[in-house]
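Undergrad: Residue numbers (full-length UniProt numbering), protein chains in the order written: chain B, 1 to 274; chain Y, 1 to 280. Beta carbons: idealized from backbone N, C-alpha and C, even for Gly. Would you mind keeping the following structure in view while I ask a few things?
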Amino acid sequence: MSATDLTHAPGQSRSVPRLLIALAFVLTAIFVVAPLAFIFWRALAEGWGAYVANITDPMTLHAILLTSLVAVIVVPVNIAFGIAAAWAIARFRFPGRKLLMTMIEIPFSISPIIAGICYLLLYGRQGLLGPFLAQHDLKVMFALPGIVLVTMFVTAPFVAREVLPLMQAQGSEQEEAAVTLGAKGWQVFSRVTLPNIRWALLYGAVLATARAVGEFGGVSVVSGSIRGQTNTLPLQIELMFNDLNTTGAFAAASTLTVIALVVLVVKAALESRR
Amino acid sequence: MTATAIKPKRVLPGFSLSLGTTLLYVALVILIPVIALILKGAQIGPAQFWAIVTSPRTLSALRVTVTAAAIATVFNAFYGLLMAWVLTRYDFPGKRILDALMDVPFALPTAVAGISLTALYSANGWFGAPLASAGIQLVYTLAGVTIAMAFTSIPFVVRAIQPVLEDLDPALEQAAMTLGASPWQIFRRVVLPAIFPAWLAGSTVAFARSLGEFGAVVFIAGNLPFKTEIAALLAYIRLEEYDYQGAAAIALVLLAFALVLLILSNWLQFRAARHLESKG
Numbered sequence: 001m002s003a004t005d006l007t008h009a010p011g012q013s014r015s016v017p018r019l020l021i022a023l024a025f026v027l028t029a030i031f032v033v034a035p036l037a038f039i040f041w042r043a044l045a046e047g048w049g050a051y052v053a054n055i056t057d058p059m060t061l062h063a064i065l066l067t068s069l070v071a072v073i074v075v076p077v078n079i080a081f082g083i084a085a086a087w088a089i090a091r092f093r094f095p096g097r098k099l100l101m102t103m104i105e106i107p108f109s110i111s112p113i114i115a116g117i118c119y120l121l122l123y124g125r126q127g128l129l130g131p132f133l134a135q136h137d138l139k140v141m142f143a144l145p146g147i148v149l150v151t152m153f154v155t156a157p158f159v160a161r162e163v164l165p166l167m168q169a170q171g172s173e174q175e176e177a178a179v180t181l182g183a184k185g186w187q188v189f190s191r192v193t194l195p196n197i198r199w200a201l202l203y204g205a206v207l208a209t210a211r212a213v214g215e216f217g218g219v220s221v222v223s224g225s226i227r228g229q230t231n232t233l234p235l236q237i238e239l240m241f242n243d244l245n246t247t248g249a250f251a252a253a254s255t256l257t258v259i260a261l262v263v264l265v266v267k268a269a270l271e272s273r274r
Numbered sequence: 001m002t003a004t005a006i007k008p009k010r011v012l013p014g015f016s017l018s019l020g021t022t023l024l025y026v027a028l029v030i031l032i033p034v035i036a037l038i039l040k041g042a043q044i045g046p047a048q049f050w051a052i053v054t055s056p057r058t059l060s061a062l063r064v065t066v067t068a069a070a071i072a073t074v075f076n077a078f079y080g081l082l083m084a085w086v087l088t089r090y091d092f093p094g095k096r097i098l099d100a101l102m103d104v105p106f107a108l109p110t111a112v113a114g115i116s117l118t119a120l121y122s123a124n125g126w127f128g129a130p131l132a133s134a135g136i137q138l139v140y141t142l143a144g145v146t147i148a149m150a151f152t153s154i155p156f157v158v159r160a161i162q163p164v165l166e167d168l169d170p171a172l173e174q175a176a177m178t179l180g181a182s183p184w185q186i187f188r189r190v191v192l193p194a195i196f197p198a199w200l201a202g203s204t205v206a207f208a209r210s211l212g213e214f215g216a217v218v219f220i221a222g223n224l225p226f227k228t229e230i231a232a233l234l235a236y237i238r239l240e241e242y243d244y245q246g247a248a249a250i251a252l253v254l255l256a257f258a259l260v261l262l263i264l265s266n267w268l269q270f271r272a273a274r275h276l277e278s279k280g
């Protein structure tokens, strides 16, 4: 590596790199490792028995199930959208392409709370579609559809962001060759494109899953936080924390933290593959 | 005959299907809800809108949000630069773990980060206890809000600079060294100009993220009006009071901030990418 050439330069002190590395470790320990480790430490503060009892609490279990249901609906839709968006943007030139890319990024840069408010102002009782929904007796807000829609909004960019740059970098020669050789559209995709993008796709899907199960701000606006009904896991954690059931809150939080750690392991594994 | 054309414009199939799906999804899931907010905001009327946005409580919430986000961004600009530098330039044991840890704030749900930071810095937490005996309280203060915002936006600066540093031609630095430049001079005159657009872009995204952060902040902030109440929370409170106009007005201000910062960071990233390409 060229980096080592520089650090071993004659006459140059090696204390600066050492100092910087030490500083990096100390700051990361304080700002990243401590909050992460504290979750497990606090969750297990009252022992394994209390931990298991907290996780299997009916309200927590219901929240886990609801959150899993939301993820099961949202993630496949997100994968389909991400592939479609990446295919359209990476493989074709059309007016408004840059604008479309920016629009897909919108959910990434706006507060989930704003997303929740947008949906409430569209589907809520006083919202633009409120009278229509009331007429047809459709309930979107403070129910599963609202939670699913907001989660779709906040996770929208994840798969597309991972797959698009890869497809752009790989170019379309292989796919064009397949078409020339007579492959049908679906064959081109499943035999050529999919094997090329599968790892990025997997990572995007894992990220979208983590985001879907952890979404808090947007869901807390549209769910109504009805105990045992529309309380997702992050909302259940908030409820227990505010009820001063700290151990229960951290026990529930530890399940989401494990998912977060899985994301990191998957990413590290995929990077070592490249 | 189109088949005999030397280079047909579109060889690959699926243009209308993929673009159609994308546009439909973007319209239904992203654009229409955002337009609903803008339409609701337009119904408020300029005078009323101005009254909501300039009310003392809104102004103070915006001030708290912008101040804490700015401090958190400055912290992350330097911490992120340090981490990107250390991770790309040196080899040392534990480097891969350190690299992976940079994504923790991205993977960890914000509410989980929120309760952990709150308990960690409260009077009986790992950090809160020693701080309390020194007479320092961070939870329920602006400093607490800043810590939460800083945590959630850690990855943005590191991940923006890292690829640029990796692609930077070492010959440039070696040339500068041969010409007798000190390491600091090399950093300031060679490295910094190259990574500057990416550094700014990452910091812009970190700032945008901090402005909108909710889950991590609400727990540690204590949410005292005029002291630690952030704008996103005030919008949420207005909703709970069924004051939809108030919520829409504050949300619109935050949306405007977010869109301006999004465009700015995209432009900076475009410049950073051009810098990379010109170095070839």
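#1: Can you tell me whether Ile79(B) is helix, strand or coil according to DSSP?
#2: Using only alpha-carbon positions, find the residue among Tyr121(Y), Leu254(Y), Gly14(Y), Gly125(Y) that is nearest to Ala45(B).
#3: Grab me the residues of Val265(B)'s own chain with a C-beta within less than 7 Å of its C-beta, minus the 5 sequence neighbours each way, in chain order.
#4: Measure the beta-carbon distance from Gly217(B) to Ile113(B) and round it to whole angstroms, keeping in mind my assumption that it falls under 8 Å.
#5: Which of the three DSSP states is assigned to Gly116(B) in this structure?
#6: Within the continuous alpha helix (DSSP H) that includes Ile39(B), where are the two ends?
#7: Reducing DSSP to helix, strand and coil, say where Tyr242(Y) ends up.
#8: When the Cα of Ile263(Y) is compared with those of Ala171(Y), Leu17(Y), Gly135(Y), Gly202(Y), which residue comes out closest?
#9: With a threshold of 8 Å, are at least 3 pairs of Cβ atoms found where one atom belongs to the stretch 216–223 of chain Y and the other to the stretch 113–129 of chain Y?
#10: Counting only Cβ pairs nearer than 8 Å, list the residues of chain B close to Asn266(Y).
#11: Excluding the 5 residues flanking Ala260(B) on each side, which residues of the same chain have their C-beta closer than 7 Å to its C-beta?
#12: For the pair the stretch 16–23 of chain Y and the stretch 84–91 of chain B, tell me if three or more CB-CB distances fall below 8 Å.
#13: At least one CB of chain Y closer than 8 Å to the CB of Arg227(B): is that the case?
#14: What does the Cβ neighbour count give for Ser15(B), buried or exposed, with the cut at 16 atoms within 10 Å?
#15: If Val86(Y) sits next to Ala24(B), beta carbons under 8 Å apart, how far is it from one beta carbon to the other, in whole angstroms?
#16: My understanding is that Ala156(B) touches Phe81(B), with C-beta atoms under 8 Å, so please give their C-beta distance in whole angstroms.
#17: According to the Cβ coordinates, are Leu252(Y) and Leu59(Y) closer than 8 Å?
#18: Just to confirm the assignment: which complete alpha helix (DSSP H) runs, minimum length 4, are found wholly within the stretch 147–216 of chain Y?
#19: For Lys95(Y), report the span of its alpha helix (DSSP H) as first-last.
#20: Taking Cβ-Cβ distances below 8 Å as the criterion, which residues of the stretch 137–166 of chain B are in contact with chain Y?
#21: I need the boundaries of the alpha helix (DSSP H) containing Leu128(B), first residue and last residue.
#22: Can you confirm whether the stretch 226–237 of chain B touches the stretch 59–67 of chain B when touching is taken to mean that 3 or more C-beta pairs between the two stretches lie within less than 8 Å?
#23: Got a sec: which bits of the stretch 232–251 of chain Y sit with their beta carbon under 7 Å from any beta carbon on chain B, in order along the chain?
#24: Measure the beta-carbon distance from Val140(B) to Ile73(B) and round it to whole angstroms, keeping in mind my assumption that it falls under 8 Å.
#25: Note down the Cα distance separating Ala123(Y) from Leu131(Y), rounded to an integer number of angstroms.
#26: What residue range does the alpha helix (DSSP H) around residue 299(B) cover?
#27: Assign residue 290(B) to one of two classes, buried (16 or more other C-beta atoms within 10 Å of its C-beta) or exposed (fewer than that).
#28: Between which two residues does the alpha helix (DSSP H) carrying Tyr121(Y) extend?
#29: Please classify Val258(B) as buried or exposed, where buried requires at least 16 neighbouring CB atoms within 10 angstroms.
#30: Name, please, each residue of chain Y whose Cβ falls closer than 7 Å to the Cβ of residue 287(B).
#31: Give a yes or no on whether the minimum CB-CB distance between Pro225(Y) and chain B is below 8 Å.
#32: Can you tell me the Cβ-Cβ gap for Leu40(Y) and Leu121(B), rounded? I've got them flagged as a contact below 8 Å.
#33: If the cut is a Cβ gap below 8 Å, which residues of chain Y does Trp87(B) touch?
#34: Quick one: Cα of Arg271(Y) to Cα of Leu200(Y), how far?
#35: Under 6 Å Cβ to Cβ from Gly146(B), same chain only, skipping five residues before and after it: list those, please.
#36: Does Glu46(B) have its Cβ less than 8 Å from a Cβ in chain Y?
TA: Let me lay it out:
#1: Start at 1 with the first residue of the first sequence, and residue 79(B) comes out as number 79. DSSP places Ile79(B) in helix when its eight states are reduced to three.
#2: The residue given as residue 45(B) occupies position 45 in the first sequence. Per the Cα distances, Gly125(Y).
#3: On the first sequence, residue 265(B) is found 265 positions in, with the first residue counted as 1. So the list is empty, once near-sequence residues are dropped.
#4: Taking the first residue of the first sequence as position 1, residue 217(B) is located at position 217. Taking the first residue of the first sequence as position 1, residue 113(B) is located at position 113. The C-beta distance from Gly217(B) to Ile113(B) rounds to 4 Å, short enough to fall under 8 Å.
#5: In the first sequence, the residue the question calls residue 116(B) occupies position 116. Three-state result, Gly116(B): helix.
#6: As a position in the first sequence, residue 39(B) is number 39, starting the count at 1. Segment 34–43, the alpha helix (DSSP H) holding Ile39(B).
#7: To locate residue 242(Y), count along the second sequence from 1; it is residue 242. Residue state, collapsed to three classes: coil.
#8: Here the question's residue 263(Y) lines up with position 263 in the second sequence. Answer by Cα proximity: Gly202(Y).
#9: Contact holds: three or more Cβ-Cβ distances are below 8 Å.
#10: Position 266 of the second sequence holds residue 266(Y). Ordered by position in chain B, the residues that pass the 8 Å Cβ test against Asn266(Y) are Thr102, Glu105.
#11: As a working note, residue 260(B) is residue 260 in the first sequence. Closer than 7 Å at Cβ, skipping near neighbours: Ala210.
#12: Three or more beta-carbon pairs drawn from the stretch 16–23 of chain Y and the stretch 84–91 of chain B are found closer than 8 Å, and the two stretches are therefore classed as touching.
#13: For the purposes of this step, residue 227(B) is taken as residue 227 along the first sequence, with counting starting at 1. So no, Arg227(B) is outside the interface.
#14: For the purposes of this step, residue 15(B) is taken as the residue at position 15 of the first sequence. With fewer than 16 Cβ atoms within 10 Å of its Cβ, Ser15(B) is classed as exposed.
#15: Translated into the one-based positions of the second sequence, residue 86(Y) becomes position 86. Translated into the one-based positions of the first sequence, residue 24(B) becomes position 24. About 4 Å separates the two Cβ atoms, so the contact holds.
#16: Locating residue 156(B) in the first sequence gives position 156, counting from the first residue. Locating residue 81(B) in the first sequence gives position 81, counting from the first residue. Ala156(B) to Phe81(B), Cβ: 7 Å. Contact.
#17: Start at 1 with the first residue of the second sequence, and residue 252(Y) comes out as number 252. Start at 1 with the first residue of the second sequence, and residue 59(Y) comes out as number 59. In this structure, Leu59(Y) does not lie closer than 8 Å to Leu252(Y) by Cβ.
#18: Complete alpha helix (DSSP H) runs here, min 4: 154–167, 170–178, 183–186, 192–212.
#19: Here residue 95(Y) is taken as the residue at index 95 of the second sequence, counted from 1. Note, Lys95(Y): alpha helix (DSSP H), 95–101.
#20: Residues of the stretch 137–166 of chain B that bring their beta carbon within less than 8 Å of a beta carbon in chain Y comprise Leu149, Met152, Phe153, Ala156, in sequence order.
#21: Stepping through the first sequence from its first residue, residue 128(B) is reached at position 128. Premise fails: Leu128(B) is in no alpha helix (DSSP H) and is neither H nor E.
#22: yes
#23: Ala232, Ala235, Tyr236, Leu239, Tyr244, Ala247, Ala248, Ala251
#24: Counting from 1 along the first sequence, the entry for residue 140(B) is found at position 140. Counting from 1 along the first sequence, the entry for residue 73(B) is found at position 73. Going by Cβ atoms, the distance from Val140(B) to Ile73(B) rounds to 14 Å, so no, they are not a contact pair.
#25: Here residue 123(Y) corresponds to residue number 123 of the second sequence, with the count starting at 1. Here residue 131(Y) corresponds to residue number 131 of the second sequence, with the count starting at 1. About 8 Å.
#26: Limits of chain B in this structure are 1 at one end and 274 at the other, which puts residue 299(B) out of reach.
#27: There is no way to answer for residue 290(B), as the model of chain B reaches only from 1 to 274.
#28: Along the second sequence, read from residue 1 onward, the residue named residue 121(Y) stands at position 121. Note, Tyr121(Y): alpha helix (DSSP H), 110–121.
#29: Start at 1 with the first residue of the first sequence, and residue 258(B) comes out as number 258. Val258(B) sits exposed, since fewer than 16 C-beta atoms from the chains shown fall within 10 Å of its C-beta.
#30: Here chain B has residues from 1 to 274 only, and residue 287(B) is not among them.
#31: Residue numbering aside, residue 225(Y) sits at position 225 when the second sequence is read from its first letter. No - not a single Cβ of chain B is within 8 Å of the one on Pro225(Y).
#32: Here residue 40(Y) is taken as the residue at index 40 of the second sequence, counted from 1. Here residue 121(B) is taken as the residue at index 121 of the first sequence, counted from 1. Note that residue 40(Y) is Lys in the sequence shown, not Leu. Indeed they touch by this definition, with Cβ atoms about 5 Å apart.
#33: Counted from its first residue, the first sequence places residue 87(B) at position 87. Chain Y residues near Trp87(B): Gly14, Ser18.
#34: Residue numbering aside, residue 271(Y) sits at position 271 when the second sequence is read from its first letter. Residue numbering aside, residue 200(Y) sits at position 200 when the second sequence is read from its first letter. Going by the C-alpha atoms only, they are around 11 Å apart.
#35: Translated into the one-based positions of the first sequence, residue 146(B) becomes position 146. Cβ neighbours of Gly146(B) beyond the five flanking positions: Val140, Val222.
#36: For this step, residue 46(B) is matched to residue 46 along the first sequence. So, not an interface residue.
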